[in-house]
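Chains as they are written, first to last, in our numbering: chain A, 282 to 572; chain B, 282 to 572; chain C, 282 to 572; chain D, 282 to 572.
First comes the structure, then the notes that go with it.
There are 4 protein chains.
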Amino acid sequence: MFVAIVGAGNMGAAMASRLLAAGHRLRAWNRSQEKLKPLVDKGAEAADSLLALAEAEVIISMLADDDAVRGVLIRDGLLTAMRPGTIHVIMATVSVALVREIAPLHTARGVLYVSAPVLGRPDAAAAGKLNILAAGAPDAIDRLQPLFDVLGQKTWRFGEQPEKANIVKLAANMMLACAIEAIGETAQLVRSHGVAPKDFVEMLTNTLFAAPAYKTYGTLIAEERFSPAGFKLPLGLKDVRLTLAAGDAAHVPLPFASILRDNFLDAIANGDADLDWSALANVAKRRAGAK
Amino acid sequence: MFVAIVGAGNMGAAMASRLLAAGHRLRAWNRSQEKLKPLVDKGAEAADSLLALAEAEVIISMLADDDAVRGVLIRDGLLTAMRPGTIHVIMATVSVALVREIAPLHTARGVLYVSAPVLGRPDAAAAGKLNILAAGAPDAIDRLQPLFDVLGQKTWRFGEQPEKANIVKLAANMMLACAIEAIGETAQLVRSHGVAPKDFVEMLTNTLFAAPAYKTYGTLIAEERFSPAGFKLPLGLKDVRLTLAAGDAAHVPLPFASILRDNFLDAIANGDADLDWSALANVAKRRAGAK
Amino acid sequence: MFVAIVGAGNMGAAMASRLLAAGHRLRAWNRSQEKLKPLVDKGAEAADSLLALAEAEVIISMLADDDAVRGVLIRDGLLTAMRPGTIHVIMATVSVALVREIAPLHTARGVLYVSAPVLGRPDAAAAGKLNILAAGAPDAIDRLQPLFDVLGQKTWRFGEQPEKANIVKLAANMMLACAIEAIGETAQLVRSHGVAPKDFVEMLTNTLFAAPAYKTYGTLIAEERFSPAGFKLPLGLKDVRLTLAAGDAAHVPLPFASILRDNFLDAIANGDADLDWSALANVAKRRAGAK
Amino acid sequence: MFVAIVGAGNMGAAMASRLLAAGHRLRAWNRSQEKLKPLVDKGAEAADSLLALAEAEVIISMLADDDAVRGVLIRDGLLTAMRPGTIHVIMATVSVALVREIAPLHTARGVLYVSAPVLGRPDAAAAGKLNILAAGAPDAIDRLQPLFDVLGQKTWRFGEQPEKANIVKLAANMMLACAIEAIGETAQLVRSHGVAPKDFVEMLTNTLFAAPAYKTYGTLIAEERFSPAGFKLPLGLKDVRLTLAAGDAAHVPLPFASILRDNFLDAIANGDADLDWSALANVAKRRAGAK
Numbered sequence: 282m283f284v285a286i287v288g289a290g291n292m293g294a295a296m297a298s299r300l301l302a303a304g305h306r307l308r309a310w311n312r313s314q315e316k317l318k319p320l321v322d323k324g325a326e327a328a329d330s331l332l333a334l335a336e337a338e339v340i341i342s343m344l345a346d347d348d349a350v351r352g353v354l355i356r357d358g359l360l361t362a363m364r365p366g367t368i369h370v371i372m373a374t375v376s377v378a379l380v381r382e383i384a385p386l387h388t389a390r391g392v393l394y395v396s397a398p399v400l401g402r403p404d405a406a407a408a409g410k411l412n413i414l415a416a417g418a419p420d421a422i423d424r425l426q427p428l429f430d431v432l433g434q435k436t437w438r439f440g441e442q443p444e445k446a447n448i449v450k451l452a453a454n455m456m457l458a459c460a461i462e463a464i465g466e467t468a469q470l471v472r473s474h475g476v477a478p479k480d481f482v483e484m485l486t487n488t489l490f491a492a493p494a495y496k497t498y499g500t501l502i503a504e505e506r507f508s509p510a511g512f513k514l515p516l517g518l519k520d521v522r523l524t525l526a527a528g529d530a531a532h533v534p535l536p537f538a539s540i541l542r543d544n545f546l547d548a549i550a551n552g553d554a555d556l557d558w559s560a561l562a563n564v565a566k567r568r569a570g571a572k
Numbered sequence: 282m283f284v285a286i287v288g289a290g291n292m293g294a295a296m297a298s299r300l301l302a303a304g305h306r307l308r309a310w311n312r313s314q315e316k317l318k319p320l321v322d323k324g325a326e327a328a329d330s331l332l333a334l335a336e337a338e339v340i341i342s343m344l345a346d347d348d349a350v351r352g353v354l355i356r357d358g359l360l361t362a363m364r365p366g367t368i369h370v371i372m373a374t375v376s377v378a379l380v381r382e383i384a385p386l387h388t389a390r391g392v393l394y395v396s397a398p399v400l401g402r403p404d405a406a407a408a409g410k411l412n413i414l415a416a417g418a419p420d421a422i423d424r425l426q427p428l429f430d431v432l433g434q435k436t437w438r439f440g441e442q443p444e445k446a447n448i449v450k451l452a453a454n455m456m457l458a459c460a461i462e463a464i465g466e467t468a469q470l471v472r473s474h475g476v477a478p479k480d481f482v483e484m485l486t487n488t489l490f491a492a493p494a495y496k497t498y499g500t501l502i503a504e505e506r507f508s509p510a511g512f513k514l515p516l517g518l519k520d521v522r523l524t525l526a527a528g529d530a531a532h533v534p535l536p537f538a539s540i541l542r543d544n545f546l547d548a549i550a551n552g553d554a555d556l557d558w559s560a561l562a563n564v565a566k567r568r569a570g571a572k
Numbered sequence: 282m283f284v285a286i287v288g289a290g291n292m293g294a295a296m297a298s299r300l301l302a303a304g305h306r307l308r309a310w311n312r313s314q315e316k317l318k319p320l321v322d323k324g325a326e327a328a329d330s331l332l333a334l335a336e337a338e339v340i341i342s343m344l345a346d347d348d349a350v351r352g353v354l355i356r357d358g359l360l361t362a363m364r365p366g367t368i369h370v371i372m373a374t375v376s377v378a379l380v381r382e383i384a385p386l387h388t389a390r391g392v393l394y395v396s397a398p399v400l401g402r403p404d405a406a407a408a409g410k411l412n413i414l415a416a417g418a419p420d421a422i423d424r425l426q427p428l429f430d431v432l433g434q435k436t437w438r439f440g441e442q443p444e445k446a447n448i449v450k451l452a453a454n455m456m457l458a459c460a461i462e463a464i465g466e467t468a469q470l471v472r473s474h475g476v477a478p479k480d481f482v483e484m485l486t487n488t489l490f491a492a493p494a495y496k497t498y499g500t501l502i503a504e505e506r507f508s509p510a511g512f513k514l515p516l517g518l519k520d521v522r523l524t525l526a527a528g529d530a531a532h533v534p535l536p537f538a539s540i541l542r543d544n545f546l547d548a549i550a551n552g553d554a555d556l557d558w559s560a561l562a563n564v565a566k567r568r569a570g571a572k
Numbered sequence: 282m283f284v285a286i287v288g289a290g291n292m293g294a295a296m297a298s299r300l301l302a303a304g305h306r307l308r309a310w311n312r313s314q315e316k317l318k319p320l321v322d323k324g325a326e327a328a329d330s331l332l333a334l335a336e337a338e339v340i341i342s343m344l345a346d347d348d349a350v351r352g353v354l355i356r357d358g359l360l361t362a363m364r365p366g367t368i369h370v371i372m373a374t375v376s377v378a379l380v381r382e383i384a385p386l387h388t389a390r391g392v393l394y395v396s397a398p399v400l401g402r403p404d405a406a407a408a409g410k411l412n413i414l415a416a417g418a419p420d421a422i423d424r425l426q427p428l429f430d431v432l433g434q435k436t437w438r439f440g441e442q443p444e445k446a447n448i449v450k451l452a453a454n455m456m457l458a459c460a461i462e463a464i465g466e467t468a469q470l471v472r473s474h475g476v477a478p479k480d481f482v483e484m485l486t487n488t489l490f491a492a493p494a495y496k497t498y499g500t501l502i503a504e505e506r507f508s509p510a511g512f513k514l515p516l517g518l519k520d521v522r523l524t525l526a527a528g529d530a531a532h533v534p535l536p537f538a539s540i541l542r543d544n545f546l547d548a549i550a551n552g553d554a555d556l557d558w559s560a561l562a563n564v565a566k567r568r569a570g571a572k
């Protein structure tokens, strides 16, 4: 398939490489051009201009945030350049409000819009092990399925309104952040009572909480190994903001998310912005007066 | 081994049955005597009096709460009746403060005290599948190990100070309650955006959260199946209280536990006291104005 | 002075009337023109077009929110129409971010920008009893002072950066919302213990809390008199959002504001959107299971 | 009147002096006897023993906490020594649960029990400026009124069930702690945006919040003058605990009190236990990364 990708950060690049390896024609664009080099070496076409992406059959967006999407789509004109029948799929984490705003703009132009945010980090993308959360017109998703099968181990469909996939993604990330916070608080509770967090976490992740999320973050927190960061604290805060905004829009109080927000701010204010978001555990530790 | 058990509620009875089946001599006592009947049918001795338990080599307490323990041990004199060298092991969930108070009273009398609260419900006890969290004198735990091997699939040791096992148990229960609350909030978030909680939970528990705790409670919440209760809401509140008290004693702020406390109160105040503690999810739903 | 006012809602109209009564020439504009009628009857000029406001020496904005300000200033071109030396003063509650964004745009055109949000409701404006929180170039504020003296009982200056007045206004409103929530929770606490909230509030507001904020809201809450609304719940939520956003921008955790946010959402989700923001007390009552 | 007082700490001593000055016969007891010296110099009788207090017509308790009350009344036998018709009035802050427990014990002995906690510090007691919150049998309060008139500027009656006065006292203290926290958060919010908390507080306490509570604590927080302590942080935490327990007993969620609890723990864990409870503001400051 002729696929274009806009945004070649860690995640976009991993996905692009995977698609190339599977034999798809891939045209890529990135605001800073040097990021395209490694992809070109693997057979990608570097787009002359953003608008050149519009020639592809499928355009995948993997941009940093809502602003970047608005910039590319609206201000820089990519949406206007897209042709009827093209599929545009945003696979990054963006707000529910953005999707509600731009989906009808696509429809008005005859472009098919699909939301397909993913669970998994760049290494999972490179290994084709993502979990893909998809929502949009079923036939558009059907057409995307061969690409999704290259990128992910499974595609989970959540209906025809694209923003449904986005709310599920935000909810899943909130679940992760809640798990981190819960481990952080309990790790400090047992530490303050003389139990090594490591012993507590080992028991937990081999019994009730024998799940990938807990094994990964439980270990990082028990060993206080917050660097190098797999997912930096400010990105966690960004997602919590989107979650709270989605809750606000539907009048859903989210007390756990409110705690997360305050603790992410505390963490960043106290110098942990470059650490992995599991460093949220430092907040619980610092507040308990532990060194 | 000659084992006595004080407290033959659902959990105590299941444990007693298991020990009997393994060939141990078992003497049981319960405040309401009729609960002993089924155990006697299985070969247990019904203790004539509470103090008759003191003849056993090992005394297991499986009482409802701190007050019940204080009543039996102090007021009704069981502790005074125990002989030097006897092992007393509390396997129920009690407060850290209680253990700190009573452990030295045992030592003063030459009685060995061990804390060994468990993870798992009566059915796990009956099947010998508990996880046992043990702390106390190592040789006392060694002597208990054959019993623990009958009751549990694994014994996790947390050192010589008995209360360390209790803090780990409270922390583990707090983790469960946090998982329930997080699922409850996100389930409502996606529901308010038109996604069926069932679809969200199914995805989650087959990916990042493929753990027993999430499968169990995720399903109950998605299906709103809060009755019959495996563990009633007021028991969850009781444990949260103990956790907050343990945090307080060590000056550990626990913002997630504070939210849990308020939400358990909300749930009980609004009529859900007889439901399973996963009905905490009703609070998130009700607060979002959903029916 | 030749004054223009954009936005003739309850607050803008009261301020305009006051300025007219003091002998100032006043030109007014409002998106729905019929609101201007009563002002014209009092001697105001109804602006033919938004841009006709630019002829005034001072332009006062009293618009509903950030979006309305952006619409009028940027999209509809009022800012471009303003002449060097003109003073533009926003007296409504807007975000810190908006002021940071638009203040330099004014400077670039030689227009003087001042932030001067107010404490007080329309009746206080009509009586010239507002408290005015002002920040911006001192000489611009000096020029505005005669107008402020007509509108307010006192002008409080907070320095040269206009957004400082806005942060103070948001902080003051947060204080009010915190007072409402605190009264709401304690009123329910005493009610659940058989004490009439009225008796509690009467004692409080005649002793430690003998302040206007507490007398006003304490009485409304004790009497559950939430309608007619002096300031509707969704407006309170709007301000809390702006406060949280300002905290976020400076990495300041605001746990009380987070609670407020969730409770405002709860209140609106449960049907109280048309009530006064003191109806936040209904949330505490409902959560305690009281009728 | 022949009055006995048990507990001659700062508060008890100030009240005793005031009663002596008004011409009442006063017999005092304190666990550490040397505290009685200054009172004896003013004409008080130092009780030979605790039980000697039982000869008085009215016994005032001004002890530190529930445990001290239980110790004196039950364990050391003061209650048993009291004669029918005697009035026992606890004027310290104790739990609702304690009052519910001991009030019937008084009734059973024919002793009249009244709860009369106070608002005001030792200097207010010495000046007869307390506000007295009273509940109990009306005729018992009538008999106490002459004493109350010496100690306080006003007596507020809350009905016949003694614990009603205690719940009102706890609610009033929670209001104070909420005011402190709200000032602390907003002071940090404006500080992080370049506004001096002093300027913010000055405006606030001269407008909407022109109340004693805000003037006192606003100034302390703005000037960061947390020592010498008028009321130490751990005492504030003690009262919040009693408030949360009272809420728990009646199933009243108290989210603001939950935040207070965590922040008091944070403050104490981080070394501020000897400071005034207004140092709660340090938590907001520290969490925002400010020095």
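Cβ atoms here follow ideal geometry from the backbone N, Cα and C, with glycine treated the same way.
Here the structure is a predicted model, which means the values were calculated and not measured.
- In summary, the residues of the segment 546 to 562 of chain A whose CB is separated from some CB of chain D by less than 9 Å are L546, D547, I549, A550, N551 and G552, in the order they occur in the chain.
- Under the Cβ distance rule, R568 of chain A counts among the residues neighbouring chain D, one pair being separated by less than 8 Å.
- Bounds of the alpha helix (DSSP H) holding F429 of chain B are P419 to L432.
- Under the three-pair Cβ rule at 8 Å, the segment 355 to 364 of chain D counts as touching the segment 390 to 398 of chain D.
- In this structure Q314 of chain C is exposed. Its beta-carbon is surrounded by fewer than 16 other beta-carbon atoms within 10 angstroms.
- Along the segment 302 to 373 of chain D, the alpha helix (DSSP H) occurs as fully enclosed runs of 4 or more residues at 318 to 322, 347 to 351 and 359 to 362, listed in sequence order.
- Residue contact with chain B for K519 of chain A: absent (no Cβ-Cβ distance below 8 Å to any residue of chain B).
- Here the segment 435 to 442 of chain C makes contact with the segment 412 to 420 of chain C; the two share three or more CB pairs at distances below 8 Å.
- Taking A565 of chain B as the centre and dropping the five residues before and after it, the same chain places the C-beta of G465, E466 and Q469 closer than 6 Å to its C-beta, in chain order.
- Around the beta carbon of V321 of chain C, fewer than 16 other beta carbons lie within 10 angstroms, which makes this residue exposed.
- Any Cβ of chain B closer than 8 Å to the Cβ of P515 of chain D would place that residue at the interface, and such an atom is absent.
- In the DSSP assignment, V399 of chain C forms a beta bridge with C:I413.
- Taking C-beta separations shorter than 6 Å and ignoring five residues to either side along the sequence, the partners of E326 of chain D in its chain run R308, following chain order.
- Around K445 of chain D, the same chain offers A416 and F439 as residues with beta carbons nearer than 6 Å, after the five sequence neighbours per side are excluded.
- Excluding five sequence positions before and after N311 of chain A, the CB atoms of its chain that fall closer than 7 Å to its own CB belong to G288, A289 and L317, given in chain order.
- Taking 8 Å as the upper bound for CB-CB distance, A538 of chain B and L525 of chain B are in contact here, some 5 Å apart.
- When the beta-carbon positions are compared, A303 of chain B and L489 of chain A stay at least 8 Å from each other.
- For V377 of chain B, the C-beta contacts it makes with chain A under 8 Å involve H474, in order along the chain.
- Across the structure, V350 of chain A and M343 of chain A are spaced so that their CA atoms are roughly 9 Å apart.
- Going by C-alpha positions, L485 of chain D is about 47 Å away from F481 of chain B.
- The contact set of H532 of chain D on chain B, defined by CB atoms closer than 7 Å, consists of L546, I549 and A550 in chain order.
- G417 of chain D has a beta carbon lying at 8 Å or more from every beta carbon in chain C.
- The contact set of Q442 of chain C on chain D, defined by CB atoms closer than 7 Å, consists of G475 in chain order.
- Secondary structure of T436 of chain C (DSSP, three-state): strand.
- The C-beta distance from L425 of chain B to V353 of chain B rounds to 20 Å, too long to meet the 8 Å contact threshold.
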